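Trainee: Could you have a look at this structure, given as C-alpha coordinates, before my questions?
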Amino acid sequence: MGEVIVSQDDVWARAEDASAIGSLRRAAVVLAENRGFDEEDTGRVAVAVSEAASNLVKHAVEGTMLIRPHPELGSAVEVVAVDRGPGMRDVARALRDGYSTAGTLGIGMGGIARMATGYEVHSVPGRGTVLGMYFTARQSPKPACRVSGVTRPIGEESVCGDAFAASDSGTSVTVMLCDGLGHGPAAAHASRKAVRLFTEHAALAPGDILERLHRGLGQTRGGAVAVARVDRVTGTVGFAGLGNVSAWIAGHDGRQGMISVPGIAGHQARTLRQYEYTAPPHSVVVLHSDGLSDRWDISAYPGLATRAPSVVAATLLRDAGTRRDDACVVAVRPAL
1 MGEVIVSQDD VWARAEDASA IGSLRRAAVV LAENRGFDEE DTGRVAVAVS EAASNLVKHA
61 VEGTMLIRPH PELGSAVEVV AVDRGPGMRD VARALRDGYS TAGTLGIGMG GIARMATGYE
121 VHSVPGRGTV LGMYFTARQS PKPACRVSGV TRPIGEESVC GDAFAASDSG TSVTVMLCDG
181 LGHGPAAAHA SRKAVRLFTE HAALAPGDIL ERLHRGLGQT RGGAVAVARV DRVTGTVGFA
241 GLGNVSAWIA GHDGRQGMIS VPGIAGHQAR TLRQYEYTAP PHSVVVLHSD GLSDRWDISA
301 YPGLATRAPS VVAATLLRDA GTRRDDACVV AVRPAL
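If you use the UniProt record's numbering, the sequence shown closes out at 336, no skipped numbers anywhere.
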(Lines of atoms letter the chains of each structure in order from A and count residues from 1; the text may use other names and numbers.)
(Lines give C-alpha, C1' and ligand atoms only; values in the text may rest on other atoms or scores of the structure.)
Protein backbone atom coordinates (compact mmCIF):
# COMPACT_ATOMS: atom_id res chain seq x y z
CA MET A 1 0.00 0.00 0.00
CA GLY A 2 1.00 3.64 -0.27
CA GLU A 3 1.81 6.32 2.26
CA VAL A 4 -0.42 6.22 5.34
CA ILE A 5 -2.44 9.33 6.17
CA VAL A 6 -3.10 9.75 9.89
CA SER A 7 -5.67 12.07 11.46
CA GLN A 8 -4.64 14.78 13.87
CA ASP A 9 -6.43 16.69 16.60
CA ASP A 10 -8.00 19.37 14.43
CA VAL A 11 -8.27 22.77 16.12
CA TRP A 12 -11.23 24.76 14.82
CA ALA A 13 -10.84 28.48 15.51
CA ARG A 14 -13.86 30.75 15.73
CA ALA A 15 -13.84 33.73 13.39
CA GLU A 16 -16.52 36.01 14.75
CA ASP A 17 -14.70 39.26 15.60
CA ALA A 18 -11.89 41.28 14.08
CA SER A 19 -9.29 40.09 16.59
CA ALA A 20 -9.52 36.60 15.06
CA ILE A 21 -8.19 37.75 11.69
CA GLY A 22 -4.67 38.49 12.91
CA SER A 23 -4.40 35.33 15.00
CA LEU A 24 -5.52 33.14 12.09
CA ARG A 25 -3.11 34.84 9.72
CA ARG A 26 -0.23 34.35 12.18
CA ALA A 27 -1.06 30.68 12.67
CA ALA A 28 -1.03 30.12 8.90
CA VAL A 29 2.24 32.02 8.46
CA VAL A 30 4.00 30.01 11.18
CA LEU A 31 2.80 26.75 9.62
CA ALA A 32 3.97 27.82 6.16
CA GLU A 33 7.38 28.94 7.44
CA ASN A 34 7.82 25.65 9.28
CA ARG A 35 7.24 23.88 5.98
CA GLY A 36 9.97 25.80 4.19
CA PHE A 37 7.85 28.34 2.34
CA ASP A 38 9.86 31.37 1.24
CA GLU A 39 8.74 34.96 1.85
CA GLU A 40 6.68 35.22 -1.33
CA ASP A 41 4.90 31.90 -0.82
CA THR A 42 4.25 32.72 2.83
CA GLY A 43 2.83 36.08 1.75
CA ARG A 44 0.30 34.33 -0.49
CA VAL A 45 -0.86 32.24 2.44
CA ALA A 46 -1.11 35.29 4.72
CA VAL A 47 -3.18 37.36 2.30
CA ALA A 48 -5.56 34.54 1.38
CA VAL A 49 -6.15 33.52 4.99
CA SER A 50 -6.66 37.16 6.05
CA GLU A 51 -9.21 37.66 3.27
CA ALA A 52 -11.12 34.48 4.09
CA ALA A 53 -11.09 35.24 7.82
CA SER A 54 -12.19 38.83 7.22
CA ASN A 55 -15.20 37.66 5.25
CA LEU A 56 -16.13 35.18 7.96
CA VAL A 57 -16.01 37.97 10.53
CA LYS A 58 -18.03 40.38 8.36
CA HIS A 59 -20.71 38.09 7.03
CA ALA A 60 -20.75 34.65 8.63
CA VAL A 61 -22.96 33.11 11.26
CA GLU A 62 -20.83 30.73 13.36
CA GLY A 63 -17.76 31.17 11.18
CA THR A 64 -14.88 28.78 11.91
CA MET A 65 -11.54 28.06 10.27
CA LEU A 66 -9.21 25.06 10.29
CA ILE A 67 -5.51 25.56 9.51
CA ARG A 68 -3.35 22.43 9.40
CA PRO A 69 -0.75 20.48 7.44
CA HIS A 70 -2.49 18.91 4.46
CA PRO A 71 -3.52 15.35 5.43
CA GLU A 72 -2.19 13.88 2.18
CA LEU A 73 0.99 15.95 1.94
CA GLY A 74 2.64 17.23 5.10
CA SER A 75 4.70 19.83 3.22
CA ALA A 76 1.49 21.62 2.12
CA VAL A 77 -0.75 23.92 4.17
CA GLU A 78 -4.51 23.34 4.16
CA VAL A 79 -7.14 25.89 5.18
CA VAL A 80 -10.86 25.17 5.49
CA ALA A 81 -13.28 28.06 6.16
CA VAL A 82 -16.81 27.12 7.21
CA ASP A 83 -19.87 29.25 7.88
CA ARG A 84 -23.61 29.07 8.36
CA GLY A 85 -24.14 32.36 6.58
CA PRO A 86 -26.49 33.23 3.72
CA GLY A 87 -24.44 31.36 1.13
CA MET A 88 -23.92 32.36 -2.50
CA ARG A 89 -26.30 31.84 -5.38
CA ASP A 90 -23.61 32.31 -8.04
CA VAL A 91 -20.21 30.98 -6.95
CA ALA A 92 -18.67 31.47 -10.41
CA ARG A 93 -19.61 35.15 -10.35
CA ALA A 94 -18.18 35.58 -6.84
CA LEU A 95 -14.86 34.13 -8.04
CA ARG A 96 -14.43 36.92 -10.57
CA ASP A 97 -12.02 39.60 -9.37
CA GLY A 98 -13.75 42.79 -8.29
CA TYR A 99 -17.11 41.18 -7.60
CA SER A 100 -18.65 42.17 -4.28
CA THR A 101 -21.60 40.67 -2.47
CA ALA A 102 -23.28 40.77 0.90
CA GLY A 103 -23.11 36.96 0.97
CA THR A 104 -20.46 35.15 2.98
CA LEU A 105 -17.01 34.94 1.38
CA GLY A 106 -18.12 36.96 -1.63
CA ILE A 107 -15.55 39.76 -1.29
CA GLY A 108 -12.06 38.82 -2.41
CA MET A 109 -12.90 35.31 -3.58
CA GLY A 110 -11.20 35.92 -6.91
CA GLY A 111 -8.02 36.96 -5.14
CA ILE A 112 -8.15 33.96 -2.82
CA ALA A 113 -8.52 31.62 -5.79
CA ARG A 114 -5.56 33.25 -7.50
CA MET A 115 -3.25 32.95 -4.49
CA ALA A 116 -4.07 29.39 -3.46
CA THR A 117 -2.33 26.46 -5.13
CA GLY A 118 -5.70 24.71 -5.21
CA TYR A 119 -9.18 25.49 -3.90
CA GLU A 120 -12.80 24.39 -4.01
CA VAL A 121 -15.97 26.11 -2.84
CA HIS A 122 -19.40 24.71 -2.09
CA SER A 123 -22.24 27.04 -1.17
CA VAL A 124 -25.97 26.57 -0.68
CA PRO A 125 -28.18 29.65 -0.28
CA GLY A 126 -29.61 29.73 3.23
CA ARG A 127 -27.14 27.14 4.54
CA GLY A 128 -23.72 28.64 4.11
CA THR A 129 -20.39 28.18 2.40
CA VAL A 130 -17.39 25.90 2.78
CA LEU A 131 -14.10 27.01 1.22
CA GLY A 132 -11.24 24.52 1.08
CA MET A 133 -7.84 25.68 -0.13
CA TYR A 134 -4.26 24.47 0.02
CA PHE A 135 -0.86 26.04 -0.54
CA THR A 136 2.46 24.55 -1.60
CA ALA A 137 5.84 26.14 -2.12
CA ARG A 138 6.55 26.88 -5.78
CA GLN A 139 7.70 23.89 -7.82
CA SER A 140 6.69 21.56 -4.98
CA PRO A 141 4.38 18.55 -5.50
CA LYS A 142 0.65 18.93 -4.99
CA PRO A 143 -1.59 16.70 -2.85
CA ALA A 144 -3.73 14.18 -4.70
CA CYS A 145 -6.97 15.33 -3.01
CA ARG A 146 -8.43 11.82 -3.06
CA VAL A 147 -9.16 11.33 0.64
CA SER A 148 -9.57 13.62 3.64
CA GLY A 149 -11.29 13.81 6.99
CA VAL A 150 -11.96 16.17 9.87
CA THR A 151 -12.39 15.66 13.60
CA ARG A 152 -13.91 17.71 16.41
CA PRO A 153 -13.89 16.85 20.13
CA ILE A 154 -16.93 17.04 22.36
CA GLY A 155 -17.53 20.38 24.07
CA GLU A 156 -14.31 21.90 25.40
CA GLU A 157 -12.23 18.69 25.36
CA SER A 158 -8.70 19.19 24.03
CA VAL A 159 -8.46 15.72 22.46
CA CYS A 160 -10.89 13.89 20.21
CA GLY A 161 -11.81 10.28 20.94
CA ASP A 162 -12.40 9.65 17.23
CA ALA A 163 -9.61 9.16 14.70
CA PHE A 164 -9.05 8.02 11.14
CA ALA A 165 -6.22 6.83 8.93
CA ALA A 166 -5.92 6.10 5.22
CA SER A 167 -3.51 4.40 2.86
CA ASP A 168 -3.46 5.52 -0.78
CA SER A 169 -1.84 3.24 -3.35
CA GLY A 170 -2.83 5.44 -6.29
CA THR A 171 -5.36 2.97 -7.68
CA SER A 172 -7.08 2.27 -4.37
CA VAL A 173 -7.62 4.02 -1.04
CA THR A 174 -8.07 2.10 2.21
CA VAL A 175 -9.53 4.09 5.09
CA MET A 176 -10.15 3.27 8.75
CA LEU A 177 -12.27 5.19 11.25
CA CYS A 178 -12.35 4.44 14.98
CA ASP A 179 -14.76 5.95 17.50
CA GLY A 180 -13.14 5.27 20.87
CA LEU A 181 -15.68 4.34 23.54
CA GLY A 182 -16.72 7.43 25.49
CA HIS A 183 -14.61 10.56 25.12
CA GLY A 184 -11.50 12.24 26.51
CA PRO A 185 -7.97 10.79 26.82
CA ALA A 186 -9.05 7.16 27.33
CA ALA A 187 -11.18 7.20 24.18
CA ALA A 188 -8.36 8.93 22.30
CA HIS A 189 -5.93 6.23 23.47
CA ALA A 190 -8.16 3.54 21.96
CA SER A 191 -8.58 5.31 18.63
CA ARG A 192 -4.86 6.12 18.38
CA LYS A 193 -4.07 2.46 19.04
CA ALA A 194 -6.43 1.57 16.19
CA VAL A 195 -4.53 3.97 13.93
CA ARG A 196 -1.19 2.33 14.84
CA LEU A 197 -2.59 -1.13 14.16
CA PHE A 198 -4.02 0.03 10.85
CA THR A 199 -0.65 1.35 9.71
CA GLU A 200 0.85 -2.09 10.37
CA HIS A 201 -1.83 -4.03 8.51
CA ALA A 202 -3.13 -1.63 5.82
CA ALA A 203 -2.14 -3.98 2.99
CA LEU A 204 -4.57 -6.68 4.18
CA ALA A 205 -8.19 -6.99 3.06
CA PRO A 206 -10.66 -4.80 5.02
CA GLY A 207 -12.12 -7.77 6.89
CA ASP A 208 -8.66 -8.95 7.92
CA ILE A 209 -7.65 -5.45 9.03
CA LEU A 210 -10.78 -5.25 11.18
CA GLU A 211 -9.97 -8.62 12.73
CA ARG A 212 -6.46 -7.41 13.65
CA LEU A 213 -7.91 -4.26 15.20
CA HIS A 214 -10.47 -6.24 17.20
CA ARG A 215 -7.72 -8.45 18.63
CA GLY A 216 -5.37 -5.53 19.26
CA LEU A 217 -7.74 -3.20 21.14
CA GLY A 218 -8.38 -5.57 24.04
CA GLN A 219 -6.26 -3.59 26.52
CA THR A 220 -8.09 -0.35 25.71
CA ARG A 221 -11.66 0.86 26.12
CA GLY A 222 -12.29 -0.37 22.60
CA GLY A 223 -14.60 1.34 20.18
CA ALA A 224 -16.57 1.21 16.97
CA VAL A 225 -14.37 0.61 13.92
CA ALA A 226 -14.94 0.55 10.18
CA VAL A 227 -12.56 -0.19 7.29
CA ALA A 228 -13.29 0.50 3.62
CA ARG A 229 -11.16 -0.08 0.53
CA VAL A 230 -12.19 1.95 -2.51
CA ASP A 231 -10.83 0.57 -5.79
CA ARG A 232 -10.57 3.61 -8.02
CA VAL A 233 -10.19 1.52 -11.21
CA THR A 234 -13.20 -0.78 -10.84
CA GLY A 235 -15.35 1.40 -8.56
CA THR A 236 -15.79 -1.42 -6.06
CA VAL A 237 -15.80 -0.85 -2.31
CA GLY A 238 -14.83 -3.57 0.16
CA PHE A 239 -16.19 -2.80 3.63
CA ALA A 240 -16.03 -4.31 7.11
CA GLY A 241 -17.43 -2.62 10.20
CA LEU A 242 -17.90 -3.39 13.88
CA GLY A 243 -20.11 -1.20 16.02
CA ASN A 244 -21.82 2.12 15.46
CA VAL A 245 -19.83 3.72 12.63
CA SER A 246 -21.90 4.89 9.66
CA ALA A 247 -20.66 4.20 6.15
CA TRP A 248 -22.24 5.40 2.92
CA ILE A 249 -21.82 5.58 -0.82
CA ALA A 250 -23.46 8.91 -1.68
CA GLY A 251 -24.26 10.52 -5.01
CA HIS A 252 -26.64 13.00 -6.60
CA ASP A 253 -29.48 10.45 -6.57
CA GLY A 254 -29.15 9.43 -2.92
CA ARG A 255 -27.00 7.16 -0.80
CA GLN A 256 -26.48 3.50 0.02
CA GLY A 257 -25.55 2.35 3.51
CA MET A 258 -22.84 -0.23 4.14
CA ILE A 259 -23.33 -2.89 6.81
CA SER A 260 -21.52 -3.05 10.15
CA VAL A 261 -22.03 -5.90 12.61
CA PRO A 262 -22.95 -5.10 16.25
CA GLY A 263 -20.22 -5.10 18.88
CA ILE A 264 -17.27 -3.23 20.37
CA ALA A 265 -13.85 -3.69 18.81
CA GLY A 266 -11.51 -5.15 21.41
CA HIS A 267 -14.28 -6.59 23.58
CA GLN A 268 -17.25 -8.20 21.89
CA ALA A 269 -18.18 -9.09 18.35
CA ARG A 270 -20.22 -11.44 16.26
CA THR A 271 -18.58 -13.07 13.26
CA LEU A 272 -16.81 -10.31 11.35
CA ARG A 273 -17.78 -10.01 7.70
CA GLN A 274 -16.59 -8.10 4.67
CA TYR A 275 -19.15 -6.84 2.17
CA GLU A 276 -18.67 -5.68 -1.42
CA TYR A 277 -20.38 -2.68 -3.00
CA THR A 278 -20.16 -0.64 -6.20
CA ALA A 279 -19.60 3.12 -6.17
CA PRO A 280 -21.34 4.83 -9.14
CA PRO A 281 -19.54 7.54 -11.12
CA HIS A 282 -19.53 10.97 -9.43
CA SER A 283 -20.22 9.49 -6.01
CA VAL A 284 -18.32 9.83 -2.73
CA VAL A 285 -17.64 7.27 0.00
CA VAL A 286 -18.32 8.68 3.48
CA LEU A 287 -17.54 7.18 6.88
CA HIS A 288 -18.52 8.97 10.08
CA SER A 289 -18.85 8.36 13.79
CA ASP A 290 -22.08 8.77 15.74
CA GLY A 291 -20.94 12.30 16.52
CA LEU A 292 -22.78 13.02 13.29
CA SER A 293 -26.46 12.39 12.73
CA ASP A 294 -27.39 9.94 9.97
CA ARG A 295 -30.10 12.33 8.77
CA TRP A 296 -28.05 14.26 6.22
CA ASP A 297 -29.26 14.08 2.63
CA ILE A 298 -26.65 14.46 -0.11
CA SER A 299 -29.33 15.60 -2.59
CA ALA A 300 -29.78 18.75 -0.47
CA TYR A 301 -26.24 19.79 -1.46
CA PRO A 302 -26.16 20.05 -5.27
CA GLY A 303 -22.71 19.15 -6.58
CA LEU A 304 -21.21 18.35 -3.17
CA ALA A 305 -20.39 14.72 -4.03
CA THR A 306 -17.94 15.91 -6.70
CA ARG A 307 -16.11 18.40 -4.48
CA ALA A 308 -12.77 17.86 -2.74
CA PRO A 309 -13.00 15.37 0.16
CA SER A 310 -12.09 18.07 2.68
CA VAL A 311 -15.05 20.20 1.53
CA VAL A 312 -17.41 17.21 1.70
CA ALA A 313 -16.23 16.28 5.19
CA ALA A 314 -16.38 19.84 6.55
CA THR A 315 -19.87 20.43 5.12
CA LEU A 316 -21.26 17.28 6.74
CA LEU A 317 -19.56 18.06 10.05
CA ARG A 318 -21.11 21.54 10.01
CA ASP A 319 -24.66 20.41 9.30
CA ALA A 320 -24.86 16.90 10.79
CA GLY A 321 -22.36 17.16 13.66
CA THR A 322 -23.45 17.29 17.28
CA ARG A 323 -21.66 18.96 20.18
CA ARG A 324 -22.80 16.12 22.47
CA ASP A 325 -20.11 13.73 21.26
CA ASP A 326 -16.74 13.54 19.57
CA ALA A 327 -17.12 13.67 15.79
CA CYS A 328 -15.14 12.40 12.83
CA VAL A 329 -16.03 12.22 9.15
CA VAL A 330 -13.90 10.93 6.27
CA ALA A 331 -14.62 11.23 2.53
CA VAL A 332 -13.03 9.36 -0.37
CA ARG A 333 -13.31 10.12 -4.07
CA PRO A 334 -13.83 6.76 -5.83
CA ALA A 335 -13.15 7.82 -9.43
CA LEU A 336 -9.72 8.22 -11.01
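Backbone N, C-alpha and C define an ideal beta-carbon position, used for all residues, glycine too.
All values reported here derive from a predicted model rather than from experimental measurement.
State the beta-bridge partners of SER148 as determined by DSSP.
Mentor: Looking at the DSSP assignment, SER148 forms a beta bridge with ALA331.
Trainee: If we require 3 or more residues per run, which beta strand (DSSP E) segments fall completely within the segment 275–316?
Mentor: You should have 275–278, 284–288.
Trainee: So for TYR99, helix, strand or coil by DSSP?
Mentor: Because the pLDDT at TYR99 is just 49, under 50, the model does not fix this residue reliably, and the point stays unresolved.
Trainee: Taking the alpha helix (DSSP H) that GLU39 belongs to, which residues open and close that run?
Mentor: That run of the alpha helix (DSSP H) goes 39–59.
Trainee: Ordered along the chain, which non-local residues of its own chain (more than five positions away) have a Cβ less than 6 angstroms from that of THR199?
Mentor: Cβ neighbours of THR199 beyond the five flanking positions: VAL4.
Trainee: Provide the residue span of the alpha helix (DSSP H) that contains THR199, from first to last.
Mentor: Residues 185–201.
Trainee: Use the C-beta contact count for ASN55: other C-beta atoms within 10 angstroms, 16 or more gives buried, fewer gives exposed.
Mentor: Burial call: buried.
Trainee: Just to confirm my understanding: we take ALA320, look at its own chain, exclude 5 residues before and 5 after, and list those with CB closer than 6 angstroms. What are they?
Mentor: Cβ neighbours of ALA320 beyond the five flanking positions: LEU292, SER293, TRP296.
Trainee: I need the straight-line Cα distance from ASP325 to PRO153, nearest angstrom please.
Mentor: The alpha-carbon atoms of ASP325 and PRO153 are separated by roughly 7 angstroms.
Trainee: How long is the line joining the alpha carbons of MET176 and CYS328, rounded to whole angstroms?
Mentor: Distance between the alpha carbons of MET176 and CYS328 is about 11 angstroms.
Trainee: Please go through the segment 221–279 and give each complete beta strand (DSSP E) segment of 3 or more residues, from N-terminal end onward.
Mentor: The qualifying runs are 223–231, 236–242, 246–251, 254–257, 275–278.
Trainee: With DSSP run on the structure shown, which of helix, strand or coil describes ILE209?
Mentor: Note: ILE209 maps to helix in three-state DSSP.
Trainee: Just to confirm, is the Cβ distance from HIS214 to LEU272 under 9 angstroms?
Mentor: Yes.
Trainee: How big is the Cα-Cα spacing for THR306 and THR315?
Mentor: THR306 and THR315: Cα-Cα distance of roughly 13 angstroms.
Trainee: Measure the alpha-carbon distance for VAL159 versus GLY180 and round it to whole angstroms.
Mentor: Rounded to the nearest angstrom, the two C-alpha atoms are 12 angstroms apart.
Trainee: Contact defined as beta carbons within less than 8 angstroms: I believe VAL332 pairs with PRO302. What is the distance between those atoms, to the nearest angstrom?
Mentor: Actually they do not touch by this definition, with Cβ atoms about 20 angstroms apart.
Trainee: Out of LEU210, VAL230, GLY235, which has the shortest C-alpha to C-alpha gap to GLY223?
Mentor: It is LEU210 whose Cα lies nearest to the Cα of GLY223.
Trainee: With a threshold of 16 other CB atoms inside 10 Å of the CB of ILE259, please say whether the residue is buried or exposed.
Mentor: It counts as exposed.
Trainee: So, are the CB atoms of VAL47 and VAL77 less than 9 angstroms apart?
Mentor: Contact: no.
Trainee: With ILE5 as the anchor, note down where its beta strand (DSSP E) starts and where it stops.
Mentor: Looking at the DSSP string, the run of the beta strand (DSSP E) that includes ILE5 is 4–6.
Trainee: Per the contact definition of three or more C-beta pairs closer than 8 angstroms, is the segment 180–190 in contact with the segment 217–234?
Mentor: The segment 217–234 vs the segment 180–190: in contact.
Trainee: Ordered along the chain, which non-local residues of its own chain (more than five positions away) have a Cβ less than 6 angstroms from that of GLY216?
Mentor: Here the set comprises LEU197.
Trainee: Round the Cβ separation of LEU131 and ALA81 to the nearest angstrom and send it over; I've been treating them as touching at under 8 angstroms.
Mentor: So it is a contact: roughly 4 angstroms between Cβ atoms.
Trainee: Looking at chain E, is there any beta carbon in it that lies within less than 9 angstroms of the beta carbon of THR278?
Mentor: The chain labelled as chain E is not found in the depicted structure, where only one protein chain is given.
Trainee: Per the DSSP calculation, HIS122 is bridged to which residue(s)?
Mentor: Bridge partners of HIS122: VAL130.
Trainee: Do ILE112 and GLU51 have their C-beta atoms closer together than 9 angstroms?
Mentor: Contact flag set, yes.
Trainee: So, is ARG114 buried or exposed, given that buried needs 16 or more other C-beta atoms within 10 angstroms?
Mentor: Label assigned to ARG114: exposed.
Trainee: Which residue wins for smallest C-alpha separation from GLY118, given the options THR129, GLY126, CYS145?
Mentor: Answer by Cα proximity: CYS145.
Trainee: Skipping 5 residues on each side, what residues in its chain have a beta carbon closer than 7 angstroms to that of PRO281?
Mentor: Around PRO281: ALA335.
Trainee: What separation, rounded to the nearest whole angstrom, lies between the Cα atoms of ALA187 and GLY161?
Mentor: Each residue's Cα considered, the two are about 5 angstroms apart.
Trainee: Should GLY128 be labelled buried (16 or more other beta-carbon atoms within 10 Å of its own) or exposed?
Mentor: Label assigned to GLY128: buried.
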